[in-house]
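Taking the working numbering, I'd label the letters of the sequence shown as residues 26 to 522.
Built from N, CA and C at the ideal position, the CB exists for glycine as well.
To start, the structure itself, in structure tokens.
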Amino acid sequence: MSQPEGTQTNPPAPSGSAVTPLSDSYIAWTQHVRLDGEIRLLNDNARDHLPEVKKLLELVDKSLIVPEWLADNKSLQYDPHCNRMKCFRSYIRGLSRGLSLSKYTKDKDDHDLSIEVEECLPFLLHIRRHADALQTYSLGLDPVEADRRHPVDTLASLVWDFQLDGAIIYRTERQLQIPRISTNHSRFTQPDACAFILMPDSPGVVASADLKPALSCFPRSLSSSPECRFIPHWVTEFKPHHSEPASRRQVVKGLVSALYQRRALGFPNHFVFGTAHHSRTCLEVLAATWVPSDDPARLRAHSAQEASTESAVPPVDQANSSSGDSLQGGDVAGGGPRTDKRVDSNTKLTIQDIKKYNKIVVYTIAKYSMLDIEPLLELYLLMRQTRILAQQYQEEIRKDGPDRIDQLSYGAKDFYEWAPPPSPKSDRGRPSKRQRTDDQSNELGSMTEEIEDMMSVDQDDGFDESVESGSEELHSLSGAAHTHTWVKVSRVSFLFS
Numbered sequence: 026m027s028q029p030e031g032t033q034t035n036p037p038a039p040s041g042s043a044v045t046p047l048s049d050s051y052i053a054w055t056q057h058v059r060l061d062g063e064i065r066l067l068n069d070n071a072r073d074h075l076p077e078v079k080k081l082l083e084l085v086d087k088s089l090i091v092p093e094w095l096a097d098n099k100s101l102q103y104d105p106h107c108n109r110m111k112c113f114r115s116y117i118r119g120l121s122r123g124l125s126l127s128k129y130t131k132d133k134d135d136h137d138l139s140i141e142v143e144e145c146l147p148f149l150l151h152i153r154r155h156a157d158a159l160q161t162y163s164l165g166l167d168p169v170e171a172d173r174r175h176p177v178d179t180l181a182s183l184v185w186d187f188q189l190d191g192a193i194i195y196r197t198e199r200q201l202q203i204p205r206i207s208t209n210h211s212r213f214t215q216p217d218a219c220a221f222i223l224m225p226d227s228p229g230v231v232a233s234a235d236l237k238p239a240l241s242c243f244p245r246s247l248s249s250s251p252e253c254r255f256i257p258h259w260v261t262e263f264k265p266h267h268s269e270p271a272s273r274r275q276v277v278k279g280l281v282s283a284l285y286q287r288r289a290l291g292f293p294n295h296f297v298f299g300t301a302h303h304s305r306t307c308l309e310v311l312a313a314t315w316v317p318s319d320d321p322a323r324l325r326a327h328s329a330q331e332a333s334t335e336s337a338v339p340p341v342d343q344a345n346s347s348s349g350d351s352l353q354g355g356d357v358a359g360g361g362p363r364t365d366k367r368v369d370s371n372t373k374l375t376i377q378d379i380k381k382y383n384k385i386v387v388y389t390i391a392k393y394s395m396l397d398i399e400p401l402l403e404l405y406l407l408m409r410q411t412r413i414l415a416q417q418y419q420e421e422i423r424k425d426g427p428d429r430i431d432q433l434s435y436g437a438k439d440f441y442e443w444a445p446p447p448s449p450k451s452d453r454g455r456p457s458k459r460q461r462t463d464d465q466s467n468e469l470g471s472m473t474e475e476i477e478d479m480m481s482v483d484q485d486d487g488f489d490e491s492v493e494s495g496s497e498e499l500h501s502l503s504g505a506a507h508t509h510t511w512v513k514v515s516r517v518s519f520l521f522s
């Protein structure tokens, strides 16, 4: 089975794409935000002793614990799908056979797990059946991004919105502010979807006005106060065909936004997660966190990594099994669940400890194929495990956040200087005519990276991408007095003079 594929964050652009000018800009941005220069493999032996790797591997192990009834295709829970939904029958048989393997731990006592898996099963079967349907193209009507994403969005809404009673909410097309190098770089990124931890009592709500911008994940304007009640937990980006670099890059930007907010709250050791959809049917899960770059164990791992040569991993489209299914998720940890290994994620950090967390690392946990029901179940179970982690994070922020913010605002002032300045809006929420005229070229320049990210696709992809633009950028382009040309890119139109 395929293993997750490690890659540099600035991979070569696909033929016919428009991303060549973006490369240097993106590399400079990653250096500015202290992002490690690669997306790391989770099952790299040179790093398996690192604290963040141990925690992620434990998370993967827990995602391989399944209700016992799943391995029996005669179980009562399967009855509706086998006897009254004929389009799902063959998938049920394959799922029950796959879950009889030894890598899964069968649990007959966890009632909540059993109920929630039964709830999600129709959604997983829908994704699997829908992916099959999209494999058959008719009359040139190739599926676009929206065709592939809607069943995944429905599953995500179940995971985040419904099964946790409002503690996490799932929303699409929300802008997240990101650190920027200069005024020529965008103030924000806009992933396709985010799951937010909802905290009406977040420490950011009662923080002093000068700290609030860094305690928010959203871009702000002069006419509005920073919104601090929402904390990103999971970021999702969808891309068609072979747009793996662009999808990963978009998710990474969202993770960076979340981590800068999380560090300002006083919790750099928290994880944030994301799904990068690419290559038509691949759902790749990434995880990111802050780490101290001068940790001796980490330096040893870096030396070992430089001394070894990683073996090549076949591309997604070449990693299929004989049945056409690929990229099954549970392989990243190697072997069966290590349920005896426990990692203390509640380790108390001192203020001096927190200040040492100065580098962001990103790991690829696994690539899950939409063409196989078994990996889709593993993806759901992984999301469910991170949801439990999010509840723990919520309690930690509520309990310890106020004191940490108070101390860090004096001892680590730079933690609260990352947020970009507010957008140049008038009090009525729209830029003045003079502002629109004077700032038009600057706004176009700041959007260049976002637009190029959306267009970094193969030639046959056309313009089927969601362009990351915000209302303030579009307003600044809408009022010039001379002739314009409108260019339609998916759901957003751009105006060029």
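Start-to-end residues for the beta strand (DSSP E) that takes in residue i
{"i": "E262", "result": "255-263"}
{"i": "G279", "result": "Not the beta strand (DSSP E): G279 falls in the alpha helix (DSSP H), residues 269-290."}
{"i": "I64", "result": "60-66"}
Residue i, DSSP secondary structure in three states
{"i": "Y129", "result": "coil"}
{"i": "F298", "result": "strand"}
{"i": "R196", "result": "strand"}
{"i": "T306", "result": "coil"}
{"i": "V316", "result": "strand"}
{"i": "T179", "result": "helix"}
{"i": "R72", "result": "helix"}
{"i": "A92", "result": "The question names Ala, yet the displayed sequence has Pro at residue 92. Reduced to three states, the DSSP call for P92 is strand."}
{"i": "Q215", "result": "coil"}
{"i": "S246", "result": "strand"}
{"i": "S121", "result": "helix"}
{"i": "Q202", "result": "strand"}
{"i": "L81", "result": "helix"}
{"i": "L240", "result": "helix"}
{"i": "L101", "result": "helix"}
{"i": "S524", "result": "Residue 524 cannot be examined here, being either before or after the span of the chain that is shown, 26 to 522."}
8 Å Cβ cutoff met for residue i and residue j
{"i": "G436", "j": "K380", "result": "yes"}
{"i": "M408", "j": "V184", "result": "yes"}
{"i": "V260", "j": "T314", "result": "no"}
{"i": "S448", "j": "Y441", "result": "no"}
{"i": "Y382", "j": "P317", "result": "yes"}
{"i": "A444", "j": "I390", "result": "no"}
{"i": "H210", "j": "W54", "result": "yes"}
{"i": "D97", "j": "S121", "result": "yes"}
{"i": "P204", "j": "V142", "result": "no"}
{"i": "F243", "j": "L223", "result": "no"}
{"i": "P257", "j": "A239", "result": "no"}
{"i": "Y418", "j": "L180", "result": "no"}
{"i": "I194", "j": "L290", "result": "no"}
{"i": "P251", "j": "E170", "result": "no"}
{"i": "E269", "j": "P216", "result": "no"}
{"i": "L401", "j": "R173", "result": "no"}
{"i": "K202", "j": "F187", "result": "Note on residue identity: the sequence assigns Gln, not Lys, to residue 202. Taking 8 Å as the Cβ cut-off, Q202 and F187 do not qualify as a contacting pair."}
{"i": "A301", "j": "V281", "result": "no"}
{"i": "C253", "j": "S233", "result": "no"}
{"i": "L374", "j": "N294", "result": "yes"}
{"i": "L150", "j": "H106", "result": "yes"}
Exposure label - residue i; buried when at least 16 CB within 10 Å
{"i": "F148", "result": "buried"}
{"i": "L166", "result": "exposed"}
{"i": "A415", "result": "buried"}
{"i": "L101", "result": "exposed"}
{"i": "H175", "result": "exposed"}
{"i": "D365", "result": "Caution is warranted here: a pLDDT of 37 is assigned to D365, below 50, making its placement in the model unreliable, and the coordinate value is therefore given only provisionally. When all chains shown are included, D365 counts as exposed."}
{"i": "D398", "result": "The question names Asp, yet the displayed sequence has Ile at residue 398. Label assigned to I398: buried."}
{"i": "P446", "result": "exposed"}
{"i": "R65", "result": "buried"}
{"i": "T411", "result": "buried"}
{"i": "V297", "result": "buried"}
{"i": "K392", "result": "buried"}
{"i": "D86", "result": "buried"}
{"i": "K237", "result": "buried"}
{"i": "E83", "result": "buried"}
Residue i: first and last residue of the uninterrupted alpha helix (DSSP H) it sits in
{"i": "F221", "result": "Per DSSP, F221 belongs to no alpha helix (DSSP H); it is in the beta strand (DSSP E), 218-223."}
{"i": "T411", "result": "398-436"}
{"i": "Y382", "result": "Run containing Y382: none in the alpha helix (DSSP H); it sits in the beta strand (DSSP E), 382-394."}
{"i": "L138", "result": "136-159"}
{"i": "Q56", "result": "47-57"}
Near the ligand NAD: residue i beta-carbon under 7 Å from a heavy atom
{"i": "F221", "result": "This structure simply doesn't include the ligand NAD, nor any ligand for that matter."}
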